[in-house]
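Novice:
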Amino acid sequence: MATVKLRSPLRDLAGGNREVTVEGASVGEILRDLERRHPRITGWVLDEHGRVRQHVNVFVDGERVREDAPVASSATVHVLPSISGGNR
Amino acid sequence: MTELLVGTKKGLFVLEGDAGSEKPFEVAARAFPGNVVEYAIRDPRSGRYFASVTSGHFGPRVMQTMDPTGDWEPTTGIAYPESDDWTIERIWSIKPGEADGLLYAGVAPAGLFSSTDGGMTWELNRALYDQPTRKDWQPGAGGLCLHSIATWPGDPSRLALGISAVGVWLSEDGGAAWRHGNAGLVPRYMPEDQWEGTIDLCVHNMHRAPLRPERLFMQFHGGVYRSDDAGETWISIAEGLPADFSFPLTIDPADPDSAFVIPMVSDGDRVTVDGRVRVYGTRDAGETWTELSDGLPQEDAWLTILRQAFDREGEGSDLGLYFGATSGDVFGSGDGGRSWFSVHERLAPVNSVRVA
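Residue numbers (our numbering), protein chains in the order written: chain A, 1 to 88; chain B, 1001 to 1356.
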């Protein structure tokens, strides 16, 4: 079970949880599991095609990755807005 | 008390004031700081507020609340099928329908979603999505957007849509089937030998006259039009305007001969003509236009007013008009446009204005 760490506004959508334990062997799978456990987060991190949104960064154990990257069961996953995505 | 929902590049501003006082409105709330608010309405049937919010990080969605000064919650379902390569970029319009709990949302790239549970969940309109021409649809400068949804009072089966730049679409069966309604529209931005039969038609705005629902008014990408046959055919009514390019359009629901526009120079210079901010109104279905500018800036005022940034309140002798510009200025009139006052200055660039 990997641990996903969340910040606002995703934390609020996940019931106020800063950390959520999820299952999956890839980033895409654990983010889908995150959506199943907290349906209000659906569409915020992954788009309708299952891709990590362009201006969201996912780090697995400190390495920035995309949706097809493998995730170990002991991994810590951070989901963060990227510095490129703020509205000007 | 009038409540205005002003969607801006920097969040939603809820403004409250009294048009009769001709004083600036108070900012009652600011929601979604840091996010673009494309559009916001209050559904008068339920009292529920909806806002189309685009996060630079987390994408677009419709948010809802019963109290715009409090917390908002996301609605669900506005997404293209996973198998497609289209991704929702922006939600342009939210419109109450003509049945209990029915609402519509128009999005970019162009698609229609409907809700039958009062706007909490949404479903893609497959008939429009499955149009065989869809992969060839061309965007306007603002994207390939479905921005105008004209319902038919009392009849949920009849709908008209305006898409930039795929013209007018009509349905007589509640959206189960769609056909074009483009006859008479002249796309001057294309070679003349391409005009006949093209669907690359850049509708900028479209409203139906509720007391005579077969009548529609349209601001086109160069042209102002009227239809008297429910959108089948269109005739030009631009004669008498200082320019025929613009985006905003509204009507007086009590007067089926009425329409109001705010002309801008051209598609190459999208600002108010001659640096003067002027609304033009017709009360004879476009035969003549009257300048309505008393109280509006008339010197070196080069404003851009976007397509959803013009709305009305009430009707007839109680008609109020409100519009906002990308300058962040919002103007209002409590007397049908005869005189204007400053509702608020120096907000963020205004995307939309709707009376709650």
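Built from N, CA and C at the ideal position, the CB exists for glycine as well.
Are the beta-carbon atoms belonging to G1275 (chain B) and W1302 (chain B) less than 9 Å from one another?
Specialist: In the second sequence, the residue the question calls residue 1275 (chain B) occupies position 275. In the second sequence, the residue the question calls residue 1302 (chain B) occupies position 302. Yes, the pair counts as a contact, with Cβ atoms nearer than the cut-off.
Novice: Could you spell out the range, first to last residue, of the beta strand (DSSP E) harbouring R1042 (chain B)?
Specialist: Position 42 of the second sequence, counted from the start, is the residue given in the question as residue 1042 (chain B). Note, R1042 (chain B): beta strand (DSSP E), 1036-1042.
Novice: Helix, strand or coil: how does DSSP classify I1305 (chain B) here?
Specialist: Numbered from 1 along the second sequence, position 305 holds the residue referred to as residue 1305 (chain B). When DSSP states are grouped into helix, strand and coil, I1305 (chain B) belongs to the coil group.
Novice: D1318 (chain B) to E1026 (chain B), Cα distance in whole Å?
Specialist: Taking the first residue of the second sequence as 1, we reach residue 1318 (chain B) at position 318. Taking the first residue of the second sequence as 1, we reach residue 1026 (chain B) at position 26. Distance between the alpha carbons of D1318 (chain B) and E1026 (chain B) is about 22 Å.
Novice: Taking the CB atoms as reference points, tell me whether G1097 (chain B) and M1066 (chain B) lie closer together than 9 Å.
Specialist: Start at 1 with the first residue of the second sequence, and residue 1097 (chain B) comes out as number 97. Start at 1 with the first residue of the second sequence, and residue 1066 (chain B) comes out as number 66. Result no, Cβ atoms of G1097 (chain B) and M1066 (chain B) do not sit closer than 9 Å.
Novice: What does T42 (chain A) reach in chain B if we use C-beta pairs closer than 8 Å?
Specialist: The residue you call residue 42 (chain A) lines up with position 42 of the first sequence. Near T42 (chain A) (Cβ distances below 8 Å), the residues of chain B are T1076.
Novice: Do D1311 (chain B) and V1261 (chain B) have their C-beta atoms closer together than 9 Å?
Specialist: Stepping through the second sequence from its first residue, residue 1311 (chain B) is reached at position 311. Stepping through the second sequence from its first residue, residue 1261 (chain B) is reached at position 261. In this structure, V1261 (chain B) does not lie closer than 9 Å to D1311 (chain B) by Cβ.
Novice: Just grab the DSSP bridge partners of I1094 (chain B) for me.
Specialist: Start at 1 with the first residue of the second sequence, and residue 1094 (chain B) comes out as number 94. Answer by DSSP bridge pairing, in chain order: B:A1105.
Novice: Leaving out five residues on either side along the sequence, give the residues of the same chain with a beta carbon under 6 Å from the beta carbon of K1009 (chain B).
Specialist: Here residue 1009 (chain B) is taken as the residue at index 9 of the second sequence, counted from 1. V1036, A1348, P1349.
Novice: Could you please tell me which residues of the segment 27-52 of chain A, in chain order, have their CB closer than 8 Å to any CB of chain B?
Specialist: Answer in chain order: P39, R40, T42, G43, W44, V45, D47, E48, H49, G50.
Novice: Under 8 Å: does the beta carbon of D1117 (chain B) sit that close to some heavy atom of the ligand MN?
Specialist: Ligands displayed in this structure: none; no statement on the ligand MN is therefore possible.
Novice: When you compare only the Cα positions, how much space is there between V1279 (chain B) and A1230 (chain B)?
Specialist: Numbered from its first residue, the second sequence carries residue 1279 (chain B) at position 279. Numbered from its first residue, the second sequence carries residue 1230 (chain B) at position 230. Approximately 26 Å between the Cα atoms of the pair.
Novice: Measuring CB to CB, does A1238 (chain B) end up less than 9 Å from V1265 (chain B)?
Specialist: Residue numbering aside, residue 1238 (chain B) sits at position 238 when the second sequence is read from its first letter. Residue numbering aside, residue 1265 (chain B) sits at position 265 when the second sequence is read from its first letter. No; because the gap between Cβ atoms is not below 9 Å, this pair is not in contact.
Novice: Which partner residues does N1182 (chain B) have in the DSSP bridge list?
Specialist: Locating residue 1182 (chain B) in the second sequence gives position 182, counting from the first residue. In the DSSP output, where bridge partners are listed per residue, N1182 (chain B) has none listed.
Novice: Determine the burial state of T42 (chain A): buried for a count of at least 16 other Cβ atoms within 10 Å of its Cβ, exposed for fewer.
Specialist: Numbered from its first residue, the first sequence carries residue 42 (chain A) at position 42. Classification for T42 (chain A): buried.
Novice: Grab me the residues of R1045 (chain B)'s own chain with a C-beta within less than 7 Å of its C-beta, minus the 5 sequence neighbours each way, in chain order.
Specialist: The sequence position of residue 1045 (chain B) within the second sequence is 45, counting from 1. Hits under 7 Å: P1096.
Novice: Taking 7 Å as the limit between beta carbons, can you name the residues of its chain near D1071 (chain B), skipping five residues before and five after?
Specialist: The sequence position of residue 1071 (chain B) within the second sequence is 71, counting from 1. Cβ within range, chain order: T1065.
Novice: Determine, using beta-carbon pairs with one atom in the segment 1249-1256 of chain B and one in the segment 1204-1219 of chain B, whether at least three such pairs fall under 8 Å.
Specialist: yes
Novice: Would you list, in chain order, the members of the segment 1087-1119 of chain B that have their beta-carbon closer than 8 Å to a beta-carbon of chain A?
Specialist: T1087, I1088
Novice: Would you call T1288 (chain B) buried or exposed, if buried means 16 or more other Cβ atoms sit within 10 Å of its Cβ?
Specialist: What you label residue 1288 (chain B) is simply residue 288 of the second sequence in a count that begins at 1. It counts as exposed.
Novice: Which of the three DSSP states is assigned to V45 (chain A) in this structure?
Specialist: For the purposes of this step, residue 45 (chain A) is identified with residue 45 of the first sequence, where counting begins at 1. Three-state DSSP puts V45 (chain A) in coil, outside helix and strand.
Novice: Sorted by chain position, which residues of the same chain lie with C-beta nearer than 8 Å to E1313 (chain B)'s C-beta, five sequence neighbours on each side aside?
Specialist: As a position in the second sequence, residue 1313 (chain B) is number 313, starting the count at 1. So the qualifying residues of the chain are T1002, A1019, L1319, G1320, L1321, Y1322, V1355.
Novice: Go ahead and pull the three-state DSSP assignment for G1231 (chain B).
Specialist: Numbered from 1 along the second sequence, position 231 holds the residue referred to as residue 1231 (chain B). Three-state DSSP puts G1231 (chain B) in coil, outside helix and strand.
Novice: Is the shortest distance between the beta-carbon of G1374 (chain B) and the beta-carbons of chain A less than 9 Å?
Specialist: Coverage of chain B is limited to positions 1001 through 1356, which leaves residue 1374 (chain B) absent and any answer about it impossible.
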